[in-house]
Amino acid sequence: MTRISRREFLGYSRWAVVTTAAGGSILAGRPGRAVAQPLTKVRFTLPWVAEGSLIHTFIARNRGFWKKRGLDVDIARGYGSLAATQALAGGQFDVGQAVTSVIVLQNIKGLPLTTIGVLGYKTTMGVGVLDDSPIRTPKDLEGKTVGWTPTSGEVPFFPVFARLAGVDQDKIKFVNMNIDVRYRAFMDKQIDAITDFAASAIPPISARGYKVRWMLYATQGIHLYESAFFTTPKMIKENPEVCQGMVDGIMEALAFSYLNPEESIDIFFKEVREAGFVAKERENVRMGSGIANFSGLAEEARVNGLGWSDPKRFSEMADLVLTYLAKGAQKPNVDELYTNRFAGRIKLTETQWVDAKKRNEEFAKFFA
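Numbering of the sequence shown is given in my numbering, commencing with residue 273 and proceeding in unit increments.
Here it is, written out as structure tokens:
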């Protein structure tokens with residue numbers, strides 16, 4: 273990662289809090305300085321392919337929310353949260369986005385990872401079936417074929433879901449599939465169900481005319497944060513200004529997407545040209561971003577600012593992992609799992625919060 277001195281960085285990152293109609297209470301850099309200074313290169317990994325639920329990343333790049341903070345961010349596609357966390361811990365990336373509970377799981381397993389800003393507060397991980405499927409309850413999955421992608425973030429938590437729902441996992445046939453094959457096989461009824469995140473799976477399937485029912489893990493008491501920005505303790509210690517800029521930039525992008533959904537979709541297609549601009553793809557992106565936005569519009573963010581997280585929730589996620597997935601492991605200190613040091617600096621006004629909730633209220637049905 274290209275380094276710049278703290279003095280150089282602070283020269284153009286002394287933020288002033290301003291309120292705008294488009295982005296809420298955002299942090300604006302001092303005019304004219306960033307242009308003359310070198311940018312710090314940052315290697316960033318997504319948890320998955322470019323999709324509507326990750327629209328904020330492309331807004332941050334397109335609108336210059338990272339650039340004005342002195343950052344030149346290279347965005348790489350992901351192959352699941354498990355793969356993303358392993359790659360970042362291995363030094364391939366500086367900052368990433370992944371499923372929050374997977375970050376916690378990997379930390380407990382020994383990877384040096386810390387959450388630096390929460391993006392989604394209500395998890396959409398679960399099991400999807402077509403609307404005409406005879407599968408009505410989790411127990412009905414026994415004797416059926418389920419497609420999943422092993423590196424995806426919901427997979428490690430399926431055994432927890434099954435146990436709490438009284439499902440004998442040994443009676444289910446699991447088929448490992450990549451994303452494209454899995455969705456096609458699901459729609460063609462070659463498999464009976466899929467595990468995934470509603471924010472990722474429902475939009476592309478529904479946009480092609482298929483109705484989907486979703487059995488959320490949350491219905492069995494598995495209440496997890498959905499997604500977050502994360503990095504290593506070493507990165508936080510050695511490059512705190514970069515961490516701050518990454519979090520501020522993405523939270524400004526979130527605020528923009530909450531309040532400007534249609535323009536945000538236009539930006540996505542400009543940035544991700546391979547997505548193809550056709551009606552069904554636009555609806556795909558609209559649904560994915562809307563579900564993700566609804567997940568992000570939680571009370572923690574309203575009161576404390578975007579990205580802020582509740583230490584109690586991280587403690588509970590660690591307890592769940594230790595109870596079901598890492599028995600015998602030692603519970604880490606909560607402050608090893610996350611930090612609010614970089615979060616909360618961007619905050620919507622009350623009027624903007626009400627507007628954002630209203631714009632995204634149609635997506636509440638996916639969390640019922």
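From the three backbone atoms N, C-alpha and C, an ideal C-beta is built for every residue, glycine too.
Taking contact to mean at least 3 C-beta pairs separated by less than 8 Å, is the region 324-334 in contact with the region 511-526?
-> yes
Quick one: measure Cβ to Cβ for threonine 372 and serine 561, integer angstroms, because I've assumed they're closer than 8 Å.
-> Not quite, the Cβ-Cβ distance comes to about 19 Å (not below 8 Å), so this is no contact.
Thinking threonine 421 and methionine 449 are a contact (beta carbons under 8 Å), I'd like their distance in whole angstroms, please.
-> 6 Å
Return the Cβ separation of valine 432 and leucine 592 in integer angstroms, given the expectation that the two are a contact with Cβ distance under 8 Å.
-> 7 Å
So who's on the other strand from asparagine 334, going by DSSP bridges?
-> Asparagine 334 is not bridged to any residue.
Who are threonine 503's beta bridge partners in DSSP?
-> Partner(s): Thr386.
What does alanine 348 pair with, by DSSP beta-bridge criteria?
-> Listed as beta-bridge partners of alanine 348 by DSSP are Thr317.
For the beta strand (DSSP E) that contains isoleucine 466, what are its first and last residues?
-> 465-469
Can you tell me the Cα-Cα spacing of glycine 363 and isoleucine 347, whole angstroms?
-> Going by the C-alpha atoms only, they are around 15 Å apart.
Short Cβ contact (7 Å threshold) for asparagine 556 with proline 505 | no
What separation, rounded to the nearest whole angstrom, lies between the Cα atoms of arginine 454 and glutamine 309?
-> 46 Å
Stretch pair the region 340-357 + the region 386-400: three plus CB contacts closer than 8 Å = no
Are the region 526-543 and the region 401-415 in contact at 8 Å, needing three or more beta carbon pairs?
-> no
Indicate the three-state DSSP secondary structure (helix, strand or coil) for methionine 449 in the structure shown.
-> coil
Nearest-angstrom Cα separation, counted from alanine 640 out to alanine 573 | If you draw a straight line from the Cα of alanine 573 to the Cα of alanine 640, it is about 21 Å long.
DSSP-derived helix/strand/coil call for threonine 640 = Before going further, note that residue 640 is alanine rather than threonine in the sequence given. Of the three classes helix, strand and coil, the one that applies to alanine 640 here is coil, per DSSP.
How long is the line joining the alpha carbons of lysine 313 and lysine 603, rounded to whole angstroms?
-> 34 Å
So, are the CB atoms of threonine 467 and alanine 355 less than 7 Å apart?
-> no
What do you get for valine 514, buried or exposed, if any count of 16 or more other CB atoms within 10 angstroms of its CB means buried?
-> buried
Across which residues does DSSP place valine 371 in a beta bridge pair?
-> Answer is Ser499, bridged to valine 371.
Straight-line Cα distance separating threonine 386 from glycine 392 = 16 Å
Roughly how many angstroms lie between the CA atoms of valine 447 and leucine 620, to the nearest whole one?
-> 43 Å
Would you decide whether valine 575 is buried or exposed? Buried here means 16 or more other CB atoms lie within 10 Å of its CB.
-> exposed
Verify whether the separation of the beta carbon atoms of asparagine 379 and leucine 609 is less than 7 Å.
-> yes
Answer with buried or exposed for valine 626, where buried requires no fewer than 16 other C-beta atoms within 10 angstroms of its C-beta.
-> exposed
What are the partner residues of methionine 518, as DSSP defines its beta bridges?
-> Answer is none; methionine 518 lacks a bridge partner.
Pick from Phe635, Asp344, Leu569 and Gly493: whose alpha carbon is nearest that of leucine 311?
-> Ranking Phe635, Asp344, Leu569 and Gly493 by CA distance to the CA of leucine 311 puts Asp344 first.
Just checking my contact of glycine 368 with leucine 377 at CB under 8 Å: how many whole Å lie between their CB atoms?
-> Glycine 368 to leucine 377, Cβ: 15 Å. No contact.
Going by DSSP, name the residue or residues bridged to tyrosine 610.
-> Thr387
Going along the chain, which residues of its own chain have a beta-carbon closer than 6 Å to the beta-carbon of arginine 492, five neighbours each way excluded?
-> Here residue 492 is glutamine; the residue named in the question, arginine, does not match the sequence. In chain order, Phe433, Leu436 and Ala437 place their CB closer than 6 Å to the CB of glutamine 492, counting only its own chain and leaving out the 5 sequence neighbours on each side.
Go to tryptophan 260, then tell me how far its alpha helix (DSSP H) extends in each direction, as first and last residue.
-> Because residue 260 is not part of the residues shown, which for the chain are 273 to 640, the question remains open.
Which parts of the region 396-456 are runs of the alpha helix (DSSP H), unbroken and 4 residues or longer, counting only runs that do not cross its ends?
-> 430-437
Using DSSP bridges, identify the partner residues of tryptophan 486.
-> Gly400
Contact set for isoleucine 451: own chain, Cβ-Cβ below 7 Å, skip 5 residues either direction | Answer for isoleucine 451: Val321 and Thr421, listed in chain order.
7 Å CB neighbourhood of isoleucine 444 in its chain, flanking five on each side removed | Only Leu413, Glu414, Lys416 and Val418 meet the Cβ criterion.
Determine the direct distance from the alpha carbon of serine 587 to that of asparagine 605, and round the result to whole angstroms.
-> Near 9 Å, if we compare the C-alpha coordinates of serine 587 and asparagine 605.
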